[in-house]
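> Position 58 of the sequence shown, counting from 1, maps to 58 under UniProt numbering, and the rest follow consecutively.
Glycine residues also receive a C-beta, built at the ideal position from the N, C-alpha and C atoms.
Only a predicted model underlies this, so the values are computations on that prediction, with no experimental measurement involved.
Have a look at this one.
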Amino acid sequence: MTMMMVGACGSRGTALFRTLYRRLQGIQDVKQRSYYLHVLKDEFRQHGDETDPDRISQIEQRSMQDVDWIVTECNTKRRPSA
Numbered sequence: 001m002t003m004m005m006v007g008a009c010g011s012r013g014t015a016l017f018r019t020l021y022r023r024l025q026g027i028q029d030v031k032q033r034s035y036y037l038h039v040l041k042d043e044f045r046q047h048g049d050e051t052d053p054d055r056i057s058q059i060e061q062r063s064m065q066d067v068d069w070i071v072t073e074c075n076t077k078r079r080p081s082a
C-alpha cells in the first residue's frame, strides 16, 4: 500500500493526512480500521523527508486511490465459498 506523504509539504501534507484518516474511519470492522490507521501513520513518518514535487503529487494521487479501494474492500461482505 502506498499511503505516504510528506512533512516537507506542511499544510498540504496535513490536509492529506486528515482526508485519508477520515476516509479510513469509514471502515466498519474495528480491527481492520485500527490496522489501516496505524499503517497510515507509519507511512507518513517514513516518507516525511520527501521533497520532490512530482513524487509528492504521485504519492497523493496513489494514496487517495488506495484508501478508496481499502474502504470498499473492507466494507464489502464476503460470500462464503460453497
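(1) Going by CA-CA distance only, name the one from W69, C74 and F44 that's closest to I13.
(2) For T76, which of helix, strand or coil comes out of DSSP?
(3) For H47, count the other beta carbons within 10 Å of its own beta carbon; 16 or more makes it buried, fewer makes it exposed. Which is it?
(4) I'd like the list of long-range same chain contacts for I27, defined as Cβ closer than 7 Å, with 5 residues on each side in sequence excluded.
According to the data block:
(1) Looking at the sequence itself, residue 13 is Gly, so the reference to Ile does not match. Here the closest residue by C-alpha is F44.
(2) coil
(3) buried
(4) R33, Y36, V71, C74 and N75
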